[in-house]
Each structure stands twice: as C-alpha cells, then as structure tokens.
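Since the structure comes first, as structure tokens, the remarks are kept for the end.
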Amino acid sequence: YERDLREQRTSRWSGGAKWLLFAATGALALASFGLAMDGGTLLALMLVLLFHEMGHFVAMRWAGYADLKVFFLPFLGAAVSGRHERPTLRQELIVLYAGPLPGLVLGVAALFVIGPETPLAPWWRELATLAIVLNALNLLPIHPLDGGKVFELLLLAPWPALAFAARLAGMAAPALLAPS
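Each residue of the sequence shown is one higher than the last, beginning at 17 in this note's numbering.
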C-alpha cells in the first residue's frame, strides 16, 4: 500500500497525454451538449466552461498543485484535477472561488459593456448571460459544485459523517428536482 501510494504521488501524466485527455473529452462534450443546443450556444457554453476551469487551473498552479489536468465531463461540464499533499484552507478556498467568481464578474461587466451596435451583440449577450447563470449556480452550497465544497470546508469539516450526508444529498438533489 505504501509503495502504491508513493508511486501515485510521484507519477505524472505526460504533456501529450494531458492534451489528448483535453481534446478527447472536449470532443465528447461538444457532441453531448450539441444534442440540445445550436452552434452559437454550444460555442458560448464551451467558452464559459473553459474560462471557469482556467480560473481553477491558474489558482491551483499558484497554490503548488502538481500534475494538473483540464478535462470536460460530457453532459455535465468540465473539471481540473491535480495533487497537493496538504493545501491550506486559504489555498483551497482561493482555488474553489477562482472558477466561478471571475466568470461571474466578467459576465456582469460584459452585460454593461455590450451595446446594440457591438458586432454579434446577441451572441455576446448570450455568452455573458450564460457566464452569469452557470457561475452563480456553481456557487450554490450543493456538492459537487464549488459552493458545496466551500460549504463543506467551512461548516462541515469537523463532522465527517455530516459532510458525507451532504455529499449524498448533493448528488441526489438533481434527481429530486427533475420534473416527474
């Protein structure tokens, strides 16, 4: 077990493997999201997801995370993964907020800047609105959203059983909220 754990800590993905993961999952996400939306909305969604995850990526790199990978989750969204032996609470919070907050601020700012004479104004408004909605939803205190992870770190960390129950509730929430 110790040897496997040590190997996990030191193993790294090659740059080519990371790009392949990004490209393959991006293509799958395009195909999955493309089933329900037109090309303009699909492009806006992919840009919002990528901007959000790049915020996490930059913060993780700043905080000293290793072996960072950005990938898409078909039908769901996108994610960044990496390893850190013992991130501080401050580092974890910065990493969690670095995805939704810049996207939310940029989306709100864009709505005020985009004038009717702006080329592609309707698409830019759609992009800004999508950025606001997705990043605001991501701040909800529901696991596995960023807001749910913040909620767990700040309020549930002393009670692992309660944190686990909150994770289960977060996973069950979409099924409970779906129309019957």
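Every residue gets a Cβ at the ideal spot worked out from N, C-alpha and C, and that includes glycine.
Residue environment, residue i, which counts as buried when at least 16 other CB atoms sit within 10 Å
| i | result |
| --- | --- |
| residue 96 | buried |
| residue 91 | exposed |
| residue 129 | exposed |
| residue 168 | buried |
| residue 164 | buried |
| residue 180 | exposed |
CA nearest to the CA of residue i, picked from the options
| i | options | result |
| --- | --- | --- |
| residue 93 | 83, 72, 66, 52 | 66 |
| residue 162 | 73, 178, 154 | 154 |
| residue 88 | 41, 51, 47 | 41 |
| residue 70 | 127, 167, 38 | 38 |
| residue 31 | 83, 59, 79 | 83 |
| residue 36 | 99, 85, 195 | 85 |
Euclidean distance between Cα positions of residue i and residue j
| i | j | result |
| --- | --- | --- |
| residue 149 | residue 188 | 21 Å |
| residue 68 | residue 156 | 15 Å |
| residue 49 | residue 140 | 19 Å |
| residue 63 | residue 77 | 21 Å |
| residue 171 | residue 135 | 46 Å |
| residue 111 | residue 186 | 20 Å |
| residue 46 | residue 55 | 10 Å |
| residue 33 | residue 53 | 30 Å |
| residue 182 | residue 159 | 7 Å |
| residue 20 | residue 60 | 42 Å |
| residue 58 | residue 43 | 12 Å |
| residue 99 | residue 27 | 11 Å |
Bridge partner(s) assigned by DSSP for residue i
| i | result |
| --- | --- |
| residue 38 | Per DSSP, none; premise fails for residue 38. |
| residue 85 | 97 |
- How do the segment 127 to 144 and the segment 97 to 116 stand: do at least 3 beta-carbon pairs fall below 8 Å, yes or no? These segments do not touch.
- Contact between the segment 95 to 110 and the segment 121 to 131 (3+ Cβ pairs under 8 Å): No contact exists between the segment 95 to 110 and the segment 121 to 131.
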